[in-house]
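Participant:
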Amino acid sequence: MTKRHRYALSERRREIELRLGESSDLIARECRIGQEAIPALLMWIDNLVDKRTLQLTTLSPLLSMPNLPLPSNEPSECLEELCRSVISAPEATVVSTADEAIASLMCGWTLLFVDGAEGIAVIQTPGFDSRGIEEAPSSTVVRGPRDGFVESLDVNVSLVRRRIRSESVRVDKLVAGSVSHTHIAVMYIHDRARPEMVEEVKSRIGKVKLDGVLESQYIEELIKDSPQSFFPTVYSTERPDDVAGILMEGRVAILVDGSPFALALPCTLAHLLKTSEDLYLAYPVATFIRWLRYVGFMMNLLLPSVYVGTLTFHPEMVPPQLLSSILTAREGVPFPVLLETLLMEMTFEVLREASVRMPRSIGSAISIVGALVIGESAVQAGIISSPAIIVVAATAIASFTIPSISLSGTVRILRFGMVLLASMFGLYGIMIGLFLLGIHLTSIKSLGMPYLAPFAPFRKKEFLGMVFRIPWFALNKNRK
Amino acid sequence: MKAVKAGICLLAVMLISGCWGQINFDQLTVVSAIGLDPAKNNMIRVTLQLSNPTLPVAAGGGSQQRRPFVNYDAVGVTIQEAVERIQHQAKKSLFFPQTKVVLISEQFARRGLDDTLDYFWRETNQNLNSWVLVSRMPARHVLDKAMELEPVPADEWRKYLEGDWKRPLQIDVQMYQFLPRLNQTGYQAVSPGIGPFNKSGKSDIMEIGDTAVFKNDRMIGWLSGEESQIVNWLTGASRHGSFHTDLAKEESVSFNLNSVRAKLTPVLSGGRLSMQVRVKGEAEVLTATVPLHFGSEHAMLRDVLNRQLTTAIEKTIDKVFRQFGSDVIGFGETLHRRMPAEWKKRKPDWDEELRGLNADISVSFEVKRSGLLH
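Just so you know, the sequences run in chain order R and E.
Start counting the first sequence at 12; every next residue gets the next number (the numbering used here).
Start counting the second sequence at 1424; every next residue gets the next number (the numbering used here).
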C-alpha cells in the first residue's frame, strides 16, 4: 500500500460508512477543488446539518475556487490552510483520528476529506430545530421575566450569559453518557464560587457512568449527596433568571443538553422554599408570601395527620362546637377516620396524576368529574364526610405553595407516613415523626452545606435573609 | 442489621411510652353535664346529660328532628359504679373530657362531698375545666326540666359562667379550683348556685346566682348576690360590679363600680391577729331617683357610697367568718404568705381565730363620672 493510497478518499469514505453501519442519513458529497482539481469529500448527517449554512460556509467557498491555485501542494497542509482561509464557518479545525471526526459528525458537524491528507477537517454546520423560548410552565410568575429554558444547551447558556455580562462567568463543557454523548455545561462565576466546590461538581459529573443522559434528573440522582434521602439536595429550575441569581450567590449551575431543567448546587431546604419572584415583588409582600409558603409547607406535611391523630386519640382537644359538627358530619360514614382520609388522599393523588397525563382537550371533563363526583356526591351519598374533604382539599392547595416540584413530591410521600404514625400513636406519633424528620434533615448535606443551613447551624445574617426578604435599599446601605 | 436495631429502638420508643388510647370516634357521645344527688343507704345518684351532636344552624342543622340531649341516671356506691351502669343504658361510649358543668345538689353538698369527689381527683378522662354548680333542687330535676335558648342547657350555662360581661353576683368556680379548696383551711370552697326561677310545670327557667359556701367538704350556707360580689372583690376575682345606696327614705342612687382593688393585710399586735381591708375603686352614677347636682353634691355622694359600702363589707365578713366560720375570702392563705410561722401556729384552730377576728375596713371610692348627665 503506497503512502498516496493510504488516505485515498474511497477508503476513508468506506471507513466512515462502515462505522455508521451505512446508515441512510449519512450523506457524502464528492467534489474537486482548485486548479489542480484535487478530489475532496464532504460528509455529514442529514437533518443534523443546516443545509443553508453548509452551502454558504463550506460548499460555495470550496467550489468557487476552480481557477485559484491550492494553498499548498502537500495535501495535509492544504487541508489546514483550507480551514484557515477558505471555509467561512465559525469553527473549522483539523482532527487526526476518525473517532474524533465521528464524534463531531454526530454533533452535526461536516467532515471534509482531501485526497491524500492525513487529517480530517471538521466544520461547524449544525442546525436543528429547537423550540422557541416560552414561559416556563413549571414556574410561572406574575411579575418577572417570562423566558424559560429550552431543550438546546446553547440557547440555555446564552439565556444565562445574557443576564450576567461579566468576564468572570465560566462555562465548562463536559460530556456524559457512553451512548448519548450528552453535553453538559457547568456554569459558575469564578471569583464567587469556591474553586473546590466547582472541582467537586465536575468530578462528580465525571464519574457519571450511564449509557444515556436524557434529562437532568439522570445527573441529579447521580451527583446528589445522600442519594437515598427523599429530600432533593440538588436544586432544579426552568428559569434563566433563577440560574443567574444562583450564579451570583456563588453557587454552581449545571445545564444539560436536551433538558430545560437546569440544576444548581448546593441546595438547602430554604433554597427550595424560595422563588426568584420573591425578589421581584415589594419586600413586605414578598416576606408575607414567603411566610405563607412556610406555613403551606407545614400544612401540606401535617394537616391530614393532625386531623386523624386528634380525632382518633385526642377528641377532647377539639373545641366542643367543632367536635359536635364533625360528629354529625361523620354520622353514617362507613369508614373510620384513617381509612376515609387515606381514601381521599389517594383519590386526590390519582386525580393529580391523571390531570398531568391526559390530553389538554379532555382536561375540563376530568376536573368536572373530579370536583363534582368526588367532592359533592361522595358527601351527599354519605360515603365520605365533609371535614375529610375539607382537610384533603386544604392540604392539596397548600401543596401547591411549595415552589419546588421535587420537594413537593417528597412532602406528599412523607405525608402518608405521618398519617399512619398519627393513626397509630396520635399526636405523640406526629411528634416522633417530626423528630425523625429533624434528625434526618440535620444529618444530610448538599455539597458540604448543611441542609437546614441558615436555621440549624444558625447563621444570623443568612437566617434573616431567609425569613425576611431584605429590601434592596437595606442591602445597598450595607455595601457602602 | 443496623436498620433492624434502629427499628426496634424506634418501636420501643413508641410502645413503651404508654400513649395508647385510641378512641372509638364514631361511637362517641359527649357528656355535657354531670349531676350528683344523694340516694338511699349513703349511695349516689349520678345523672349524665348526653348531648346529641347537631349540625350548626348555619349548616342546615336547624330543622333536625331529634332530641338535642338525653339524661340517663343510675345509683351506685361510687360515681364510677353509677357511670358504669349508665354505660349499659346509653350503649355509646361516654366522652367526659368536654363536660361543661358538674351539678351538685344542695342536699348532697350538705351531706359532705369528700369521699365521692375522689373520682374527679383520679379519673384521667374528664374535664377539670368544667364549672361547678350547686343546685337548689335535685340535680336530676334541674337537668330534666331546664329550658334554655340553646338546645343543650349545659352549653348555655357554660357560656354564661365563662362570660365576663355579667355582674359578679355569684362566685364562679371550675373543677380544678373547687377540688383542692375543699381541703384548704385557709381558702375554703365556694360554688355558684342554680335553681328554678319560677316553676311552671313541665319545664322551668333556671337562674344562676348566689353562692354556696363550703366548710371543708360540707356546704353550710348561701351568700346573696350582694355578698357574693363583695367576696369576689376581696378575693380579687372581679374588678367591677354595682352598688345601690340609700340616700334618703325610698330614695336611692345606683353606682357602677370599676377598677375595684381590694387588699387584705394581716396585722399582728400584741399576739392578737386582726385583718386590715383596703378597698379602692372608681364609681359612676348609673341611676338616681332624686335630682342630683353633681358639682356640689359630689363629696356627699362619695361619702355615702363609701360609708354604705363599708357597712356592707363588714356585714359580709361578719357573716362569712362568724356565722359560717369558713374562710372563703382566703385570708388564711394571705397570712400564710405574709407570716408563714404565724399561720403554722394558728392553722389548727383557724375557725376559732376567724370568729374572733377583728376587721378594720376602709373604703375609698372616687365618684368619677355621672353618665351622660352632668
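Beta carbons are placed, not taken as given, at the ideal position from N, Cα and C, and that holds for glycine.
Who are the neighbours of E/Pro1476 on chain R, taking C-beta pairs under 7 Å?
Facilitator: Position 53 of the second sequence, counting from 1, holds the residue named residue 1476 of chain E. Residues of chain R passing the Cβ test: Ser335, Leu338 and Thr339.
Participant: Give the residues from the stretch 432-456 of chain R that approach chain E closer than 8 Å (Cβ to any Cβ), ordered along the chain.
Facilitator: Those residues of the stretch 432-456 of chain R that come within reach of chain E (Cβ to Cβ, closer than 8 Å) are Met435, Phe436, Gly437, Tyr439, Gly440, Ile443 and Leu447.
Participant: Is the separation between the beta-carbon of R/Phe324 and that of E/Ile1653 shorter than 8 Å?
Facilitator: Translated into positions along the first sequence, residue 324 of chain R becomes position 313. Translated into positions along the second sequence, residue 1653 of chain E becomes position 230. Cβ atoms of R/Phe324 and E/Ile1653: not closer than 8 Å.
Participant: Name, in chain order, the residues that DSSP records as bridge partners for E/Ser1665.
Facilitator: The count along the second sequence starts at 1 and reaches residue 1665 of chain E at position 242. E/Ser1665 is bridged to E/Asn1679.
Participant: Excluding sequence positions up to five away, which residues of its chain have a Cβ less than 6 Å from the Cβ of R/Leu284?
Facilitator: Here residue 284 of chain R refers to the residue found at position 273 when the first sequence is read from its first residue. Counting only Cβ-Cβ distances below 6 Å, and skipping sequence neighbours, we find Arg304.
Participant: If the criterion is Cβ atoms closer than 8 Å, does the pair E/Asn1728 and E/Thr1668 meet it?
Facilitator: Mapped onto the second sequence, residue 1728 of chain E falls at position 305. Mapped onto the second sequence, residue 1668 of chain E falls at position 245. What sits at residue 1728 of chain E in the sequence shown is Leu, not Asn. In this structure, E/Thr1668 lies closer than 8 Å to E/Leu1728 by Cβ.
Participant: As a quick exercise: from E/Gly1616, E/Val1427 and E/Phe1637, pick the residue whose alpha carbon is nearest that of E/Gly1609.
Facilitator: Within the second sequence, the letter at position 186 stands for residue 1609 of chain E. When only C-alpha atoms are compared, the closest one is E/Phe1637.
Participant: Does the CB of E/Lys1425 have a neighbour CB from chain R at under 8 Å?
Facilitator: Along the second sequence, one-based indexing puts residue 1425 of chain E at 2. It does not; no Cβ of chain R falls within 8 Å.
Participant: For a contact defined as C-beta to C-beta under 8 Å, what are the partners of E/Gln1445 on chain R?
Facilitator: Along the second sequence, one-based indexing puts residue 1445 of chain E at 22. By Cβ distance, chain R contributes Thr323, Phe324 and Gly437.
Participant: So, for R/Val390: in the same chain, excluding its five sequence neighbours on each side, which residues have a beta-carbon less than 8 Å away from its beta-carbon?
Facilitator: Position 379 of the first sequence, counting from 1, holds the residue named residue 390 of chain R. Excluding sequence neighbours, R/Val390 sits near Ser396, Ser397 and Ile400.
Participant: Quick test of the definition: if touching needs 3 or more C-beta pairs under 8 Å, does the stretch 121-129 of chain R touch the stretch 47-59 of chain R?
Facilitator: The stretch 121-129 of chain R vs the stretch 47-59 of chain R: in contact.
Participant: Which term fits R/Glu288, buried or exposed, when burial requires 16 or more other beta carbons within 10 angstroms of its beta carbon?
Facilitator: Numbered from its first residue, the first sequence carries residue 288 of chain R at position 277. R/Glu288 is buried by the Cβ-count criterion.
Participant: Quick one: which chain R residues come within Cβ less than 7 Å of E/Pro1520?
Facilitator: Mapped onto the second sequence, residue 1520 of chain E falls at position 97. Result: Glu327.
Participant: Mind checking R/Ile373: buried by the 16 CB within 10 Å criterion, or exposed?
Facilitator: Residue mapping note: residue 373 of chain R aligns to position 362 of the first sequence, counting from 1. So R/Ile373 ends up on the exposed side.
Participant: Quick check: what's the CA-CA separation for R/Glu7 versus R/Leu334?
Facilitator: Nothing about residue 7 of chain R can be reported from this structure: the residues present for chain R run from 12 to 491 only.
Participant: Does the distance from the CB of E/Leu1715 to the CB of E/Ser1665 come in under 8 Å?
Facilitator: Translated into positions along the second sequence, residue 1715 of chain E becomes position 292. Translated into positions along the second sequence, residue 1665 of chain E becomes position 242. Taking 8 Å as the Cβ cut-off, E/Leu1715 and E/Ser1665 do not qualify as a contacting pair.
Participant: Express the C-alpha separation of R/Phe484 and R/Leu90 in angstroms, rounding to a whole number.
Facilitator: Counted from its first residue, the first sequence places residue 90 of chain R at position 79. Counted from its first residue, the first sequence places residue 484 of chain R at position 473. Each residue's alpha carbon lies about 60 Å from the other.
Participant: Taking Cβ positions only, does E/Phe1543 come closer than 8 Å to chain R?
Facilitator: Walking along the second sequence from the start, residue 1543 of chain E turns up at place 120. Chain R, which has no Cβ nearer than 8 Å to the Cβ of E/Phe1543, makes this no.
Participant: By the DSSP assignment, the alpha helix (DSSP H) with E/Gly1794 in it spans what residues?
Facilitator: Position 371 of the second sequence, counted from the first residue, corresponds to residue 1794 of chain E. From DSSP, E/Gly1794 is part of no alpha helix (DSSP H); its letter is neither H nor E.
Participant: When the Cα atoms are used, what is the spatial distance from R/Asp61 to R/Val422?
Facilitator: One-based indexing of the first sequence puts residue 61 of chain R at position 50. One-based indexing of the first sequence puts residue 422 of chain R at position 411. Spanning the two alpha carbons is a distance of roughly 46 Å.
Participant: Determine whether the Cβ of R/Lys491 lies closer than 8 Å to any Cβ atom of chain E.
Facilitator: Residue numbering aside, residue 491 of chain R sits at position 480 when the first sequence is read from its first letter. Because the pLDDT at R/Lys491 is just 48, under 50, the model does not fix this residue reliably, and the value given afterwards should be weighed accordingly. Chain E, which has no Cβ nearer than 8 Å to the Cβ of R/Lys491, makes this no.
Participant: What residues in the stretch 1449-1474 of chain E have a beta carbon less than 9 Å from any beta carbon of chain R?
Facilitator: Within the stretch 1449-1474 of chain E, the qualifying residues are Asp1449, Leu1451, Thr1452, Val1453, Ser1455 and Ser1474.
Participant: How is the alpha helix (DSSP H) around R/Phe89 delimited, first residue to last?
Facilitator: Counting from one through the first sequence, the residue named residue 89 of chain R turns up at place 78. In the sequence on display, residue 89 of chain R carries Cys and not Phe. Where R/Cys89 is concerned, the enclosing alpha helix (DSSP H) stretches over Pro86 to Ser96.
Participant: Nearest-angstrom Cα distance between E/Asp1587 and E/Arg1662?
Facilitator: Your numbering for residue 1587 of chain E matches position 164 in the second sequence. Your numbering for residue 1662 of chain E matches position 239 in the second sequence. Roughly 11 Å separates the two Cα atoms.
Participant: Mapping the DSSP letters down to three states, classify E/Met1642 as helix, strand or coil.
Facilitator: In the second sequence, the residue the question calls residue 1642 of chain E occupies position 219. Strand, per DSSP.
Participant: So is R/Gly217 buried or exposed if we call it buried at 16+ other beta carbons inside 10 Å?
Facilitator: Stepping through the first sequence from its first residue, residue 217 of chain R is reached at position 206. R/Gly217 comes out exposed.
Participant: For R/Pro148, is the classification buried or exposed, using 16 other Cβ atoms within 10 angstroms of its Cβ as the cut-off for buried?
Facilitator: Counted from its first residue, the first sequence places residue 148 of chain R at position 137. Exposed: under 16 other Cβ atoms inside 10 Å.
Participant: Going by CA-CA distance only, name the one from E/Leu1566, E/Pro1574, E/Glu1529 and E/Val1493 that's closest to E/Ile1513.
Facilitator: The residue you call residue 1513 of chain E lines up with position 90 of the second sequence. Inspection of the sequence shows that residue 1513 of chain E is occupied by Ala rather than by Ile. Of the listed residues, the one whose Cα sits closest to E/Ala1513 is E/Val1493.
Participant: Determine whether the beta carbon atoms of R/Ala114 and R/His192 lie at a separation below 8 Å.
Facilitator: The residue labelled residue 114 of chain R in the question sits at position 103 within the first sequence. The residue labelled residue 192 of chain R in the question sits at position 181 within the first sequence. Yes, Cβ-Cβ distance for R/Ala114 and R/His192 is below 8 Å.
Participant: Roughly how many angstroms separate the alpha carbons of E/Ala1532 and E/Ala1685, rounded to a whole number?
Facilitator: What you label residue 1532 of chain E is simply residue 109 of the second sequence in a count that begins at 1. What you label residue 1685 of chain E is simply residue 262 of the second sequence in a count that begins at 1. When rounded, the distance between both Cα atoms is 30 Å.
Participant: Quick one: residues in its chain with C-beta nearer than 8 Å to the C-beta of R/Ala112, no 5 flanking neighbours on either side, listed in chain order?
Facilitator: Within the first sequence, residue 112 of chain R is the residue found at index 101, counting from 1. Within the same chain, R/Ala112 has close Cβ partners Ile27, Val106, Leu122, Ile131 and Val133.
Participant: Could you tell me whether the stretch 1460-1480 of chain E touches the stretch 1559-1566 of chain E, where touching means 3 or more Cβ pairs closer than 8 Å?
Facilitator: Output reads yes: the stretch 1559-1566 of chain E touches the stretch 1460-1480 of chain E.
Participant: Helix, strand or coil for E/Ile1740, going by three-state DSSP, please let me know.
Facilitator: What you label residue 1740 of chain E is simply residue 317 of the second sequence in a count that begins at 1. DSSP places E/Ile1740 in helix when its eight states are reduced to three.
Participant: Below 9 Å on C-beta distance, what does R/Arg348 contact in chain E?
Facilitator: Along the first sequence, read from residue 1 onward, the residue named residue 348 of chain R stands at position 337. Per the sequence shown, the amino acid found at residue 348 of chain R is Val instead of Arg. Within 9 Å Cβ-Cβ: Phe1448 and Asp1449.
Participant: Looking at chain E, is there any beta carbon in it that lies within less than 8 Å of the beta carbon of R/Pro398?
Facilitator: Walking along the first sequence from the start, residue 398 of chain R turns up at place 387. For R/Pro398, the answer is no, since every Cβ of chain E falls outside 8 Å of its Cβ.
Participant: 8 Å is my cut-off, CB to CB: does E/Val1436 come that close to chain R?
Facilitator: As a working note, residue 1436 of chain E is residue 13 in the second sequence. So, interface residue.
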